[in-house]
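The numbering of the sequence shown is the numbering used here, which starts it at 38 and goes up by one.
By construction, the Cβ of each residue, glycine as well, lies at the ideal position given by its N, Cα and C atoms.
Take a look at the structure below.
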Amino acid sequence: MPLYGVLQDNSKTYDFAEGEILLVDKPIGWSSFAVVNKLRYPLRKLYNKKKFKVGHAGTLDPLATGLLVICTGKMTKAITQFIQDTKTYTGVIQLGATTPSYDLETEIDQTFETKHIHQELVNEIKEQFLGEIDQKPPIFSAKQIDGKRAYEYARAGQELEMKSVKVTIHQIELLLKENNELHFEIICSKGTYIRSLAHDIGKALNSGGHLTILRRTQSGEFDINKAKTIDEWIEVIEGLRV
38 MPLYGVLQDN SKTYDFAEGE ILLVDKPIGW SSFAVVNKLR YPLRKLYNKK KFKVGHAGTL
98 DPLATGLLVI CTGKMTKAIT QFIQDTKTYT GVIQLGATTP SYDLETEIDQ TFETKHIHQE
158 LVNEIKEQFL GEIDQKPPIF SAKQIDGKRA YEYARAGQEL EMKSVKVTIH QIELLLKENN
218 ELHFEIICSK GTYIRSLAHD IGKALNSGGH LTILRRTQSG EFDINKAKTI DEWIEVIEGL
278 RV
């Protein structure tokens, strides 16, 4: 008889109570916390426990998709280590307009001329975003300030000065496409806000810019190609048997 809570799935034995790493392909519209809660419920039910250790190793904004590393059981001790890992993102920056949130969470507040933009100019400004840079987190972010999230101040219409932090951009590729869309692939350190990078790139191009698509494809040694959807993970969990 199989051990309680252990399943053989595609040559992989899962024991979520002992500790597992779940690579989740987060859909758009979900917060990282919501994904953790969605998976925690069937795990609590499976092991008949009121509390079950589940956590994620690096937040993804609700409007972002892609790799979310989730740990269960004893593997939650490795979360701090995984958070330090280098991340890879792909996505699109819309040039010619800005938003207060630096993405699509808020409406466009300013528009700019874009006739001067060409790939050569993009290649020129790209160099200033390589290596260690100073970056201000978006005011519409979950960053803690005096016990509150920054977005709480922003949504209440309160003025807030965000302090710059140092982050490292290891690699950046920018490709100008039709309709002033700037497609990118970025490899960066933990704590990098791609929304802020989109805003700053638009500013460097004298055109404004905001993030319209964001997808995390890698986190350390973990790759999106190995990830499952939330429903696929729930199917695995519910497939466990005594």
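Please return the same chain residues whose Cβ sits closer than 6 Å to the Cβ of residue i, not counting the five positions on each side in sequence.
i: ARG81; result: PHE89
i: SER68; result: PRO99
i: ASN217; result: LEU132, GLY133, THR151
i: VAL159; result: LEU211, LEU213
i: THR205; result: GLU169, SER226
Where does residue i land, buried or exposed, given buried means 16+ other C-beta within 10 angstroms?
i: GLY246; result: buried
i: THR135; result: buried
i: LYS124; result: buried
i: TYR78; result: exposed
i: GLY42; result: Because the pLDDT at GLY42 is just 48, under 50, the model does not fix this residue reliably, and the value given afterwards should be weighed accordingly. Counting Cβ neighbours within 10 Å, GLY42 comes out buried, since at least 16 surround it.
i: SER138; result: buried
i: THR117; result: exposed
i: GLY66; result: exposed
i: SER201; result: exposed
i: GLY168; result: exposed
i: GLN165; result: exposed
i: LYS264; result: Here the sequence assigns Ala to residue 264, which means Lys is not the residue at that position. Counting Cβ neighbours within 10 Å, ALA264 comes out buried, since at least 16 surround it.
i: ALA71; result: exposed
i: ASP62; result: buried
i: GLN156; result: exposed
What residue does the beta strand (DSSP E) around residue i start on, and which one ends it?
i: LYS203; result: 202-213
i: LEU83; result: Here LEU83 belongs to no beta strand (DSSP E); instead the alpha helix (DSSP H) covers 69-84.
i: LYS240; result: From DSSP, LYS240 is part of no beta strand (DSSP E) but of the alpha helix (DSSP H) over 231-241.
i: PHE221; result: 218-225
i: ASP52; result: 49-52
So, for residue i: in the same chain, excluding its five sequence neighbours on each side, which residues have a beta-carbon less than 8 Å away from its beta-carbon?
i: PRO64; result: THR102, THR266, ILE267
i: GLU57; result: TYR51, CYS108, THR109, GLY110, MET112
Under the DSSP definition of a beta bridge, which residues are partnered with residue i?
i: ASP260; result: GLN255
i: GLY103; result: LYS63, ARG253
i: ASP171; result: LYS203
i: GLY133; result: GLY133 is not bridged to any residue.
i: GLY246; result: LEU132
i: THR109; result: VAL91
i: ILE58; result: CYS108
Please go through the same chain and pick out, in chain order, the residues whose beta-carbon is closer than 7 Å to the beta-carbon of residue i, but skip the five residues on each side of it.
i: ILE120; result: ALA94, GLY95, LYS227
i: LEU248; result: GLY128, ILE130, TYR139, ASP140, ILE231, ARG232, ALA235
i: GLY257; result: PHE119, ASP122, THR123
i: ASP171; result: SER201, LYS203
i: ILE224; result: THR123, THR125, HIS207, GLN208
Starting from residue i, trace the alpha helix (DSSP H) in both directions and tell me its first and last residue.
i: THR151; result: Unbroken run through THR151: none, as it is neither H nor E.
i: GLN33; result: Examination of residue 33 is not possible in this model, given that the chain is present from 38 through 279 alone.
i: ILE267; result: 267-275
Inset, instruction - Assess, as a yes-or-no matter, whether the segment 203-213 is touched by the segment 228-243 under the definition of 3 or more beta carbon pairs within less than 8 Å. - result: Here the segment 228-243 makes contact with the segment 203-213; the two share three or more CB pairs at distances below 8 Å.
Inset, instruction - Decide if the segment 139-148 is in contact with the segment 267-276; the criterion is three or more beta carbon pairs, one per stretch, under 8 Å apart. - result: Under the 8 Å Cβ criterion, the segment 139-148 does not count as touching the segment 267-276, having fewer than three qualifying pairs.
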